[in-house]
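Novice: This is the structure, below, for whatever I ask next.
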Amino acid sequence: MSTTTVAHHDEHADHPTGIMRWLTTTNHKDIGTMYLTFALIMFLVGGSMILAIRAELFQPGLQLMNPDFFNQLIGVHALVMIFAALMPAATGFANWMIPLQIGAPDMALPRLNNWGFWLLPPAAILLTLPFTLALFGIGDGALATGWTFYPPLSVQGGIGVDFAIFSVHLLGISSVLGSINVIVTIFNMRAPGMTLMKMPMFVWGWLITAFLLIATIPVLAGAVTMLLTDRHFGTHFFDAAGGGDPILFQHLFWFFGHPEVYILLLPVWGFIPQILQTFSRKPMYGYKAQVYSFWGIGALSVIVWAHHFFTAGLPVPALLYFMYSTMAISLPLAVLFFCWIKTMWKGSMSFETPMLFTVGWVILFGIGGLTGLVLADVAADAQYHNSYFIVAHFHYTLFAGGIMGIMAGVYYWLPKMTGHMYNEKLGKTHFWLTAISFNLTFIPQFFLGLAGMPRRIPDYALQFAEFNMISTVSAFVLGLSQLLFVYIVITCVRGGKKASDQVWEGAQGLEWTLPSPPPYHSFTEQPVIK
Amino acid sequence: METHSGNHYYVPHGSLYPSVISAGLLMLASGFIFSVATDTNKDLAYLQTPGEWMMYIGTAIILVMTFKWLGAVVTESITGQYKKWEDKSFRIGMIVFICSEVAFFAAFFGALFYMRIISVPDLAAFDPLFTPYKDFLGTWPSIGPGGMVLGTEYVPPADFKPMHWSGLPLVNTILLLTSGATITWAHWGLIKNNRKQLIIGMALTVALGTAFLICQAAEYHEAYTEMGLTLGSGAYGATFFMLTGFHGFHVTLGTIMLIVILLRCMKGHFTPEHHFGFEGVAWYWHFVDVVWLGLFIFVYML
């Protein structure tokens, strides 16, 4: 009896409108849209912070801000970009696409899903509130330790550190809830006949991501909790006087921090082969090899953390172990690169915007991966550690490998989500502006790092001036061209050429069998996969 | 392959609980920060009282909303919205949640092992010509070498007595292990539809959980008043109180959940076939039990 009434209810899609729709929603598409919108806003917030920093670095000497404010901006920029832009964007796609790709009626735990999103705005407020408070004379601004919270600096810092600690706690709860939801959805909600080895790569990428989040986010929560008790309750976890050790924090932080890199990248590694096969018009190469590589990378990522602090004074056997295990990750990653290239090989390729972003992604992420190999070498790392070389390296992995991958996904699925085609010409312009200015921003930073310019310092020696100037000008071009992206997305949401159900000629998968845009409740009756 | 075709998954109606709880958490967190802001900046002492009020209000919001949210879930459960398919979601979700809790405790166990095996012995192993801590031996339990890092004279810190395993901790181990047995006995009662056995078993479990908490409070009281063992007692004090404290917090939550389940049992909720709420709490209780065994071995005995 109750079953029929519920079914009847759902078909009417009687959800509230206005702000209440978004505050109360349990619909995976609404929640996905909120995640993606939030990510876009925070991407612009984090981007403006770094443009202020690049403006300061345009010339040697101090022009625009004092060093303390500079330190606050770099730390908050990183936290915003990682936790409030990249992760929510990936989670937004998880919400939108996992149910569509596995033929599920919704995410498995819809209210928890809503909570996962609504923890993010408070976390973003906590992260940025200290800036506002400082304007009113309360406290001395946000955390000035960089995003890594290293003690003893973070134990001595002002209320900005406390705000960041609790922000990380809320973000952590949100990630754990999101991961629980993804794992349950994938294990329990697949359409009949869709075995694990028939799942789209994006779903596989998210499954491994969710496992990594469950294993590592609580460790970060524990680490910042120890920091909090060291700051306020007199414990000595990171204080040698009490038998503790600041290096302990680095171990705990990077036990989370290294898998975090793969948490950001694995969902994107799921987009890439799907987009490549669509625009190469042939099935992806090496599906099984890619799935096993995901598992391999996921497993290796939790046992390599200490390569982030090779110079902290670890014993030599530990250095050797962490160097070799880090380098071992390049094996499954090379398998992935091989599969991506082989998917394009002899394909009937066309270069719409998502494909442009994806091909550009493969090349630029390749540079990020190869420069990582250099940093994994203990002897070489002693030279490059904390220089601009590493800044350039991780922007090749996280901007090119993360954000450009997300953008490929946006262009790929936006017609499906909105029912309209975006403006192809503007999309291509956006790609070329982004790709060129990105390289012009970060290639000079490789050279700056090799020449010995340290990161996180607002001033620098005169011989670094030219490269910094090029980097700053390009960074502004890069930042401003993202406004074009915002314009493209907004115009596409509001209207445009009607998108067909399949959208792309070569697109395969359950999400393309639904109308564009998909109905409010998709797959109330599950499809059967042969 | 089990087929779900024609089967309807229950997607609950929207509710304000999650977003209001998040607002409550924002209030609790920022209130806490304001209330302790004076620790790092004496000028901010005026924030203490408003901060405390924000904490109270935030906590109240969280409690009320959690109560209402779970109440809605209970209503949905007893009106038969959750069938086998939804039930399986809850089961997998609970298992994954407990895994994340294991990872949280692992961070603190990791800190304990790191301090015992690496940082404390390292601090004692410096060249005696150069270390300020000449007489520091680095044996466990350790309070650390002391605060005179840059001073010329080495002042050893005030000593403390470590908690011995054979007193209250052993009693607590017996209490928790017994409670694991009584909750299983209650579960058997539920499956056999023996409501009396179910309710007696649950009541015993609640009583044992409460007894554990009372013992732990007594243990902490003794540590602070008679043994000189506090949160500030170096490596040992920090790991001892944080590990047992977070465990105690989990036991408190577990006991509250057990009480709710007991009350629901007395109201006649749960059937032999359909009782995930009971099982989820039981799993959580067993998890808390296993963490205690780890604590008993690595914190108290070794």
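Protein chains in written order, with my numbering: chain R, 52 to 581; chain E, 14 to 315.
Backbone N, C-alpha and C define an ideal beta-carbon position, used for all residues, glycine too.
So does the segment 254 to 261 of chain R actually touch the segment 211 to 221 of chain R, counting three or more Cβ pairs closer than 8 Å?
Specialist: no
Novice: For a test of the three-state rule: what should DSSP assign to K549/R, helix, strand or coil?
Specialist: Looking at K549/R - three-state DSSP - the assignment turns out to be strand.
Novice: So, is the C-beta of I80/E closer than 8 Å to a C-beta in chain R?
Specialist: For clarity, residue 80/E is Phe in the given sequence; the question names Ile instead. F80/E does not count as touching chain R.
Novice: Along chain C, which residues have their Cβ under 7 Å away from the Cβ of V294/E?
Specialist: Within the model displayed, chain C is absent; protein chains R and E are what it includes.
Novice: For the segment 249 to 263 of chain E, list every residue whose C-beta sits within 9 Å of some C-beta in chain R, in sequence order.
Specialist: Y249, G250, A251, T252, F254, M255 and F259
Novice: Anyone know if the C-beta pair for L278/R and F214/R falls short of 8 Å?
Specialist: no
Novice: When the Cα of V109/E is compared with those of G223/R, V544/R, N232/R and I348/R, which residue comes out closest?
Specialist: N232/R
Novice: To the nearest angstrom, how far is it from the Cα of T280/R to the Cα of G250/E?
Specialist: Pairing T280/R with G250/E, the inter-Cα distance amounts to about 12 Å.
Novice: So what does DSSP say about H446/R, is it helix, strand or coil?
Specialist: helix
Novice: Could you tell me which chain E residues have their CB closer than 9 Å to the CB of N165/R, listed as they occur along the chain?
Specialist: G27, S28, Y30, P31 and S32
Novice: Near L327/R, what residues of its chain come up, given a Cβ to Cβ distance below 7 Å and the 5 sequence neighbours on each side ignored?
Specialist: Beyond the five residues adjoining it in sequence on each side, L327/R comes within less than 7 Å, by CB distance, of M335, W391, T394, M395 and T409 in the same chain, given in chain order.
Novice: Determine whether the Cβ of A36/E lies closer than 8 Å to any Cβ atom of chain R.
Specialist: yes
Novice: Evaluate L163/E with the Cβ neighbour count: other Cβ atoms within 10 Å of its Cβ, from every protein chain shown; 16 or more gives buried, anything less gives exposed.
Specialist: Because L163/E carries a pLDDT of 46, less than 50, the predicted location of this residue cannot be relied on, and no value is offered for it.
Novice: So which of T84/R, L91/R, S226/R and L180/R has the shortest CA-CA distance to I624/R?
Specialist: Nothing about residue 624/R can be reported from this structure: the residues present for chain R run from 52 to 581 only.
Novice: Give a yes or no on contact between the segment 95 to 114 of chain R and the segment 507 to 524 of chain R, applying the rule of three or more CB pairs nearer than 8 Å.
Specialist: yes
Novice: DSSP puts P505/R in a beta bridge; with which residues?
Specialist: For P505/R, which the question treats as bridged, DSSP gives the partners S438/R.
Novice: Is T68/R buried or exposed, if buried means 16 or more other CB atoms sit within 10 Å of its CB?
Specialist: Label assigned to T68/R: exposed.
Novice: Can you list, in chain order, the residues of the segment 217 to 249 of chain E whose Cβ is nearer than 9 Å to any Cβ on chain R?
Specialist: T243, L244, G245, S246, G247, A248 and Y249
Novice: What does P158/E reach in chain R if we use C-beta pairs closer than 9 Å?
Specialist: A291, A292, G293 and G294
Novice: Tell me which residues share the same chain as S35/E and place their Cβ nearer than 7 Å to its Cβ, disregarding the 5 neighbours each side in the sequence.
Specialist: Setting aside the 5 residues that flank it on each side, S35/E has no residue in the same chain whose C-beta is closer than 7 Å to its C-beta.
Novice: For H471/R, name the three-state secondary structure that DSSP assigns.
Specialist: strand
Novice: Restricting to Cα atoms, I'd like to know which of L264/R, I104/R and M504/R is closest to I441/R.
Specialist: Among L264/R, I104/R and M504/R, the Cα nearest to that of I441/R belongs to M504/R.
Novice: Would you tell me roughly how many angstroms separate the C-alpha atoms of A195/R and F330/R, rounded to the nearest one?
Specialist: Near 45 Å, if we compare the C-alpha coordinates of F330/R and A195/R.
Novice: What residues in the segment 106 to 119 of chain R bring their beta carbon closer than 7 Å to a beta carbon of chain E?
Specialist: The residues in question: there are none.
Novice: Would DSSP call F360/R helix, strand or coil?
Specialist: helix
Novice: Tell me, please, whether the CB atom of M270/E is closer than 8 Å to any CB atom in chain R?
Specialist: Under the 8 Å criterion on CB atoms, M270/E is classed as non-interfacial with respect to chain R.
Novice: Can you round the beta-carbon distance between A135/R and L171/R to whole angstroms, since I take them to be within the 8 Å contact cut?
Specialist: 7 Å
Novice: Can you have a look at N206/E and say buried or exposed, based on whether 16 or more other CB atoms are within 10 angstroms of its CB?
Specialist: exposed
Novice: Should the segment 298 to 307 of chain R be called in touch with the segment 345 to 359 of chain R, which here means at least 3 C-beta pairs below 8 Å?
Specialist: yes
Novice: Among I454/R, S573/R, P566/R and V554/R, which has the Cα closest to the Cα of G530/R?
Specialist: I454/R
Novice: Is N54/E helix, strand or coil by DSSP?
Specialist: coil
Novice: Around the Cβ of I204/E, are there at least 16 other Cβ atoms within 10 angstroms (buried) or fewer (exposed)?
Specialist: exposed
Novice: For E556/R, does the count of other Cβ atoms within 10 angstroms reach 16, so buried, or fall short, so exposed?
Specialist: exposed
Novice: Within 10 angstroms of its Cβ, does G93/E collect 16 or more other Cβ (buried), or is it exposed?
Specialist: exposed
Novice: Would you kindly work out how many angstroms separate the C-alpha atoms of R241/R and L264/R, rounded to a whole number?
Specialist: 21 Å
Novice: Within this structure, are the beta carbons of Y297/E and P156/R separated by less than 8 Å?
Specialist: no
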